[in-house]
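Below is one structure, written out as structure tokens; the observations come after it.
Numbering (my numbering), first residue to last: 4 to 329.
Dropping the structure here:
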């Protein structure tokens, strides 16, 4: 186990460097810089003043020097200072992380609790009307773009029916309400963005579970369980279902990048004050330190999710531990 963790951590370090290099180069190549975007739009600023500001921010240095300057700060656990917010990047980002984790965590939980029984039931009745109907509905859901689904949800439930809030994390006067009322208000504001994030995950997970269960149902130990007199329900849920869900643990960890990238769009549409919305605004304003810091944080969360999934899978399946010599 110790050797495995060492190799994984070393691989994660190399991947982090590669990701930050790519993002840095893409960001630098984008038109404009934080100085011209912040000052050039509002008023004419002498070029000498602009050059002085760039020098203060280190933007006059060669690209390799700028990157290694940032990397040396990261090695000291310093992500720099946000140009737009004029505050440490760590403080700005950490204020938004809980909102994003809440949104994505609930979306993932909702998708799994619906997808698992739906996939298992579809696998138990292959070719039935339920299997065909659910399969068609799931493929239709998976093909819908996130931004389009989000706009449809807003149009139907927030504008036409007026049963759910349009955007934001809470109502305008929620600060004056009691804890119970604010909690319920936050739940109402979560419904639309969580649904917009969960629907595609639901479709993907359900089809994955169906395929896994169908494969497990043909295994020898399932035939043995049936021969010993185990009923259909016990075979399906206790034997086939439990073993078929093991790969889902790893898949859930690998889904973290997709979930987080999707939350950028959802948070922007619903004005959810999380990492995704902050990242979007940081790119628009060319806030280099903030973009690089958020990239690093999101990459760390993604890799930590993948590593945690692998470790949980190893703990859940003794064959993995025995095969790896743990």
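All residues carry an ideal CB built from backbone N, CA and C; glycine is no exception. Here the structure is a predicted model, which is why all the values come from computation and not from measurement.
If I follow the unbroken alpha helix (DSSP H) through residue i, where does it start and stop?
i	result
residue 97	92 to 127
residue 182	182 to 220
residue 290	Residue 290 -> no alpha helix (DSSP H), and no H or E assigned at all.
residue 139	132 to 146
residue 63	Note, residue 63: premise wrong, no alpha helix (DSSP H); not H, not E.
residue 223	223 to 230
residue 153	149 to 156
Let me confirm a value: residue i is counted as buried when at least 16 other C-beta atoms fall within 10 Å, else exposed. Which label applies?
i	result
residue 305	buried
residue 84	buried
residue 215	buried
residue 278	buried
residue 101	exposed
residue 273	buried
residue 196	buried
residue 2	An answer regarding residue 2 cannot be provided, because it is not within the stretch 4 to 329 covered by the chain.
residue 33	exposed
residue 128	exposed
residue 141	buried
residue 168	buried
residue 116	exposed
residue 147	exposed
residue 204	buried
residue 162	exposed
residue 3	The chain is shown only over 4 to 329; residue 3 falls outside these bounds and no answer can be derived.
Using the C-alpha atoms, what's the distance from residue j back to residue i?
i	j	result
residue 154	residue 194	14 Å
residue 138	residue 247	19 Å
residue 145	residue 57	45 Å
residue 326	residue 186	At residue 326, the pLDDT of 48 sits below 50, so the modelled position is not reliable and the matter cannot be decided from this model.
residue 70	residue 266	27 Å
residue 329	residue 109	Any answer about residue 329 is weak, because its pLDDT of 46 lies below 50 and its placement is not dependable; what the coordinates show is given next. One C-alpha to the other measures close to 33 Å.
residue 131	residue 259	33 Å
residue 293	residue 74	14 Å
residue 263	residue 232	46 Å
residue 284	residue 189	23 Å
residue 136	residue 209	13 Å
residue 324	residue 224	Unreliable placement is indicated for residue 324, whose pLDDT of 49 sits below 50; the coordinate value is still reported in the next sentence. Distance between the alpha carbons of residue 324 and residue 224: 20 Å.
residue 11	residue 310	8 Å
residue 276	residue 158	21 Å
Residue i bridges to which residues according to DSSP?
i	result
residue 84	91
Hey, out of the options, whose CA is closest to residue i's CA?
i	options	result
residue 17	299, 235 and 315	299
residue 77	104, 303 and 171	303
residue 212	114, 51, 63 and 108	114
residue 39	289, 309, 301 and 307	289
residue 252	111, 292, 179 and 28	111
residue 88	201, 55, 313 and 282	282
residue 296	80, 135 and 63	80
residue 68	280, 103, 28 and 96	28
residue 313	250, 107 and 270	250
residue 63	49, 91, 93 and 31	31
residue 23	82, 97, 270 and 55	82
residue 122	291, 237, 243 and 184	243
residue 255	5, 179, 55 and 307	307
residue 160	175, 177, 192 and 229	192
residue 107	199, 291 and 14	199
residue 270	105, 15 and 14	105
With respect to 8 Å, is the separation between the Cβ of residue i and the closest non-hydrogen atom of the ligand MN below this value?
i	result
residue 109	Ligands are entirely absent from the displayed structure, and the ligand MN is therefore not among its contents.
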